[in-house]
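Chains as they are written, first to last, in my numbering: chain A, 1 to 163; chain B, 164 to 458.
Just so you know, even glycine gets a beta-carbon here, dropped at the ideal spot from N, CA and C.
So the structure is just underneath, and the comments pick up after that.
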Amino acid sequence: MQSSLDSPPTAEPEVLRLTPAGRRSRLAAVVVVLALLLAGTVWGDDDAFPFGPFRMYSTRNDPNTPVISTRAVGLTAAGEEVRLSGGQVGLRRAEFEGQINRLREHPELLGLLADAFEDAHPDTPELVAVQMVHRKFELADGKPTGDYTDTVVVEFDLEDGNS
Amino acid sequence: MTAAPATAPRPLTSRWWSAPVPLARIAVVRVIAYLFIPVDVFLTTAWVRAHADVPTEWYAPLLIGRVLHLPTPTHTLVLVVQWALVLTAVAAATGRAPRLLGCAVFLLYLEWMVIAMSYGKVDHDRIAFLVLLAVLPTIGRARPRDRRPSEAAGWAMAAVLVAVMLTYFLAAWAKIRFGGWDWPTGSTLTRAVLRRGTPLSDWTLEVPWLLTASQWVMIVLELAAPLMLFVRSDRARVGLVLFLIGFHLMVFAGVTIIFLPHCIAILSILPWERLTARSERQAPQSLATSSSAAP
């Protein structure tokens, strides 16, 4: 409500200073956060979010080693693939890749996902299995050769495992 | 008005951290930051909300979740956090109760990020935005027409600038740590384009040397990021922001990844007070014809 219009617009406004205590606590906060960020970068991993290392695209890919792309698919009785790793069950491809070791030990997690998918999509044909598939694109001197191979890395049979 | 003091403080010194910034800039930055949150929640990272429908067994808590004993994100919890966050952010954008609402937005957004990152993939585009949300409540009241320079505002903006800088500098560090010193000669960008390429980037697969050269440019620029702490004049600030946003738009065109929250933090580098000063300069003329007070 108080208008600042009465103050002359040309006058140089005074600087709002910090109190000595305010200055000290701010510098302390800076030191703590910088220390955590540096520690995360040097020793931490993604688990240390938000202080983990900024490792986006930080791993090196050898120019002659295949590039791997993962997908999670449900299989119908007719053998058709229903994609699950494109957001259909609330998870992104990278999230499947990030939990791949856990999935190898607990493939039944894929079964839970299939249940959730079938609940949300009652129209699609019934799924009989869920698979995690690695697609390997071959590289030669950093250039894709156009060849790829698919490998099933985790599979969960819904008929045995569930129902 | 933009004249730098006789001796400009050197980056990271105590004087640099509290070099005053007009409150008007904070008033604009605050609206941008808080109104971005509904956009982020509903539009640009709507996949966080999708975790509500994922079986809770898939939740893989991060260190922060284990240490603070944060609750497992059930369907209800995700929806409650989502709506509390959006409503608080919109309320905070009005500038009312900046400390209370600002703290609430920061804590809710942090929890929203824990829900986002606890399913096997951690994104690295949030740190500067989280720092921005953390420091905004420390400034207190700031009105668009308040041209008084404030040391508290200066500290907050310095913290965001450092966070933006570190996002690049520490990214180079991570490349050396995880990828090795020969990271730039690898095929990391080839992998990125193979997995996420667009019509604008697929042609680069045929030109591997170009992607390798881009890797060299990227790591050198990232290592040079601390230079951005020297920006002082308004012109340099605008130039820096255009350069950084340009880089992120190029990455988006190539692999459809955009560091949007980080870009919002970048926008806080701009001298927004010039915008409100301009509207103020036009105001007196209209006041001369009508005596009604400005809202």
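CA nearest to the CA of B:R359, picked from B:H238, B:G417, B:R173, B:F269: Taking the first residue of the second sequence as position 1, residue 359 of chain B is located at position 196. Residue B:G417 is the option with its Cα nearest to B:R359.
With 8 angstroms as the limit, tell me which residues of the stretch 209 to 239 of chain B have their beta carbon closer than that to any beta carbon of chain A; keep them in chain order. W210, A213, H214, A215, D216, V217, P218, E220, W221, A223, L225, L226, I227
Counting only Cβ pairs nearer than 7 angstroms, list the residues of chain B close to A:E14. Here residue 14 of chain A is taken as the residue at index 14 of the first sequence, counted from 1. Per Cβ cutoff of 7 angstroms: R311.
May I ask you to report which of helix, strand or coil DSSP gives A:Y148? For the purposes of this step, residue 148 of chain A is identified with residue 148 of the first sequence, where counting begins at 1. Correct three-state label for A:Y148: strand.
Just reading off the beta strand (DSSP E) that A:E127 is part of, what are its end residues? Position 127 of the first sequence, counting from 1, holds the residue named residue 127 of chain A. Rather than Glu, the amino acid found at residue 127 of chain A in this sequence is Leu. Where A:L127 is concerned, the enclosing beta strand (DSSP E) stretches over 127 to 140.
Which same chain residues, not among the five before or five after B:T207, have their C-beta less than 7 angstroms away from its C-beta? Taking the second sequence and counting its residues from 1, one reaches residue 207 of chain B at position 44. L423, listed in sequence order.
Report the rounded CA-to-CA distance for B:T348 versus A:A129, giving the unit in angstroms. Stepping through the second sequence from its first residue, residue 348 of chain B is reached at position 185. Stepping through the first sequence from its first residue, residue 129 of chain A is reached at position 129. Looking at the two C-alpha atoms, the distance is approximately 41 angstroms.
Test: A:R104 CB closer than 8 angstroms to a CB of chain B: Walking along the first sequence from the start, residue 104 of chain A turns up at place 104. Not closer than 8 angstroms to any Cβ of chain B, the Cβ of A:R104 fails to qualify, so no.
In chain A, what lies closer than 9 angstroms to B:G283 by C-beta? The residue given as residue 283 of chain B occupies position 120 in the second sequence. Going along chain A in sequence order, the residues near B:G283 (Cβ under 9 angstroms) are L91, R92, A94, E95, F96, E97, G98, Q99, I100, R102.
Where does B:S396 fall in DSSP's three states? Mapped onto the second sequence, residue 396 of chain B falls at position 233. DSSP places B:S396 in coil when its eight states are reduced to three.
Determine, using beta carbons only, whether B:V323 and B:V298 come nearer to each other than 8 angstroms. Here residue 323 of chain B refers to the residue found at position 160 when the second sequence is read from its first residue. Here residue 298 of chain B refers to the residue found at position 135 when the second sequence is read from its first residue. Against a cut-off of 8 angstroms, the Cβ pair of B:V298 and B:V323 comes out as a contact.
A:L37 CB to nearest chain B CB: under 8 angstroms? Taking the first sequence and counting its residues from 1, the one referred to as residue 37 of chain A is at position 37. For A:L37, the answer is yes, since a Cβ of chain B falls inside 8 angstroms of its Cβ.
Just checking: is the beta-carbon of A:A116 within a distance shorter than 8 angstroms of some beta-carbon in chain B? For the purposes of this step, residue 116 of chain A is taken as the residue at position 116 of the first sequence. Yes - at least one Cβ of chain B is within 8 angstroms of the one on A:A116.
Given this structure, state the Cα-to-Cα distance separating B:A457 from A:L91, to the nearest angstrom. What you label residue 457 of chain B is simply residue 294 of the second sequence in a count that begins at 1. What you label residue 91 of chain A is simply residue 91 of the first sequence in a count that begins at 1. Its pLDDT being 40, under 50, B:A457 is placed unreliably in this model, and the coordinates cannot settle the point.
Supposed contact pair B:T301 and B:A319 - C-beta distance, whole angstroms, cut 8 angstroms: To locate residue 319 of chain B, count along the second sequence from 1; it is residue 156. To locate residue 301 of chain B, count along the second sequence from 1; it is residue 138. About 6 angstroms; that satisfies the 8 angstroms criterion.
Determine whether the beta carbon atoms of A:T76 and A:L127 lie at a separation below 8 angstroms. Looking up residue 76 of chain A in the first sequence gives position 76. Looking up residue 127 of chain A in the first sequence gives position 127. Contact flag set, yes.
What do you get for A:S25, buried or exposed, if any count of 16 or more other CB atoms within 10 angstroms of its CB means buried? Looking up residue 25 of chain A in the first sequence gives position 25. It is exposed - the Cβ of A:S25 has fewer than 16 other Cβ atoms within 10 Å.
Just curious, the beta strand (DSSP E) that A:I68 is in, first and last residue? Your numbering for residue 68 of chain A matches position 68 in the first sequence. Counting along the chain, the beta strand (DSSP E) containing A:I68 begins and ends at 67 to 76.
With a threshold of 8 angstroms between beta-carbons, can A:F54 be considered close to chain B, or not? To locate residue 54 of chain A, count along the first sequence from 1; it is residue 54. Cβ-Cβ to chain B under 8 angstroms: yes for A:F54.
Using a Cβ cut-off of 8 angstroms (strictly closer), state whether A:L158 contacts chain B. Position 158 of the first sequence, counted from the start, is the residue given in the question as residue 158 of chain A. Cβ-Cβ to chain B under 8 angstroms: no for A:L158.
Do you know offhand how far B:D397's Cα is from A:V154's? The count along the second sequence starts at 1 and reaches residue 397 of chain B at position 234. The count along the first sequence starts at 1 and reaches residue 154 of chain A at position 154. Between B:D397 and A:V154, the C-alpha separation is close to 55 angstroms.
State the Cα-Cα distance for the pair B:L357 and A:V67, rounded to the nearest angstrom. Locating residue 357 of chain B in the second sequence gives position 194, where the first residue counts as 1. Locating residue 67 of chain A in the first sequence gives position 67, where the first residue counts as 1. Roughly 8 angstroms separates the two Cα atoms.
Using a beta-carbon distance cut-off of less than 9 angstroms, what residues from the stretch 329 to 345 of chain B approach chain A? L329, T330, Y331, F332, L333, A334, A335, W336, A337, K338, I339, R340, F341, G342, G343, D345
Using DSSP with H/G/I as helix, E/B as strand and the rest coil, what is A:F49? Here residue 49 of chain A refers to the residue found at position 49 of the first sequence. A:F49: coil per DSSP, three-state reduction.
Every unbroken alpha helix (DSSP H) inside the stretch 364 to 408 of chain B [4 residues or more]: 371 to 386
Where does the unbroken beta strand (DSSP E) through A:R83 begin, and where does it stop? Counting from one through the first sequence, the residue named residue 83 of chain A turns up at place 83. Per DSSP, A:R83 belongs to the beta strand (DSSP E) from 81 to 83.
Quick check: is the beta carbon of B:H425 nearer than 8 angstroms to any beta carbon in chain A? Within the second sequence, the letter at position 262 stands for residue 425 of chain B. Judged by the 8 angstroms Cβ criterion, B:H425 is not in contact with chain A.
Chain-ordered residues of the stretch 288 to 305 of chain B with a beta carbon less than 7 angstroms from chain A: R289, I290, L293
Would you please verify whether the beta carbon of A:G86 is less than 8 angstroms from any beta carbon of chain B? By one-based count along the first sequence, residue 86 of chain A stands at place 86. Chain B contact via Cβ: absent.
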